[in-house]
Amino acid sequence: MPRPIAWVTSRSSAGVVNVAPFSFYGGISGNPPILGLGISRRADGSRKDTARNAIEAGEFVVHLAEMDQLDDLVGSSAELAPDQSEAEALGLELIDSQQVAVPSLAAARVRLECRLYGHHEVGNGPVDFLMGEVVAFVLAEGLIDEAGRVREDQLRPVSRLGGALYAPVERRFTVQRPSSK
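Just so we're aligned: 203 in my numbering is position 119 of the sequence shown, and the numbers increase by one with no gaps anywhere.
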């Protein structure tokens, strides 16, 4: 089944910007807005750079990846050494974020700037489960309508199916909830 992809930037204590995609991700609270991100460990049991950086720095940024960014998204999944930046390796432009020190991907039209709300080790891996409180929702001009809602018809998000399979989110439809009686 399609899963949303969190395309995450984080920064190490040495200042190296890490960029990586994760598809065990989703919203878990609306007030305050909190998202959850599951990051598996490496084969040797060590933390991946994103988890380590977010835990140490207390901040990270989640970006919405769109179809035209699929090659960079997948390219950023390569396991580089902690002193190597995926942003530099792929030539991804970074910009300052509004509320956190971790930079954002310039090409991303939607970003969620997060402060670490909590961290738990879960599962038999274990998996690092990060909860991030969204302190800034940043959307490109034209993506918000007059009523303050996201113009989803203007987005072309990509989702993860599993393995090397990805899918566009193209067909959208509305189904009304039943009214309360």
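Ideal placement from N, C-alpha and C gives every residue a C-beta, glycine not left out. Every value quoted in this text rests on a predicted model; they were computed, and no experiment measured them.
Between the CA atoms of residue j and residue i - distance to the nearest angstrom
{"i": "E140", "j": "S96", "result": "8 Å"}
{"i": "R131", "j": "S181", "result": "25 Å"}
{"i": "S169", "j": "N137", "result": "13 Å"}
{"i": "V184", "j": "S107", "result": "23 Å"}
{"i": "E163", "j": "R126", "result": "9 Å"}
{"i": "G114", "j": "G129", "result": "33 Å"}
{"i": "R193", "j": "M85", "result": "24 Å"}
{"i": "L249", "j": "L157", "result": "13 Å"}
Beta-carbon proximity of residue i to residue j, cut-off 7 Å
{"i": "V242", "j": "L154", "result": "yes"}
{"i": "A104", "j": "S160", "result": "yes"}
{"i": "E177", "j": "A190", "result": "yes"}
{"i": "V186", "j": "V145", "result": "yes"}
Integer-rounded CB distance, given that residue j should sit under 8 Å from residue i
{"i": "D152", "j": "V100", "result": "Not a contact, Cβ separation roughly 26 Å."}
{"i": "L148", "j": "L239", "result": "7 Å"}
{"i": "Y201", "j": "I118", "result": "5 Å"}
{"i": "V222", "j": "R195", "result": "5 Å"}
Residue i, buried or exposed, once every other Cβ within 10 Å from all chains shown has been counted against 16
{"i": "V206", "result": "exposed"}
{"i": "I89", "result": "buried"}
{"i": "S264", "result": "exposed"}
{"i": "D237", "result": "exposed"}
According to DSSP, residues forming a beta bridge with residue i
{"i": "E150", "result": "P241"}
{"i": "T93", "result": "V103, V145"}
{"i": "A251", "result": "S243"}
{"i": "G159", "result": "Beta-bridge pairing links G159 to no other residue."}
{"i": "I123", "result": "D212"}
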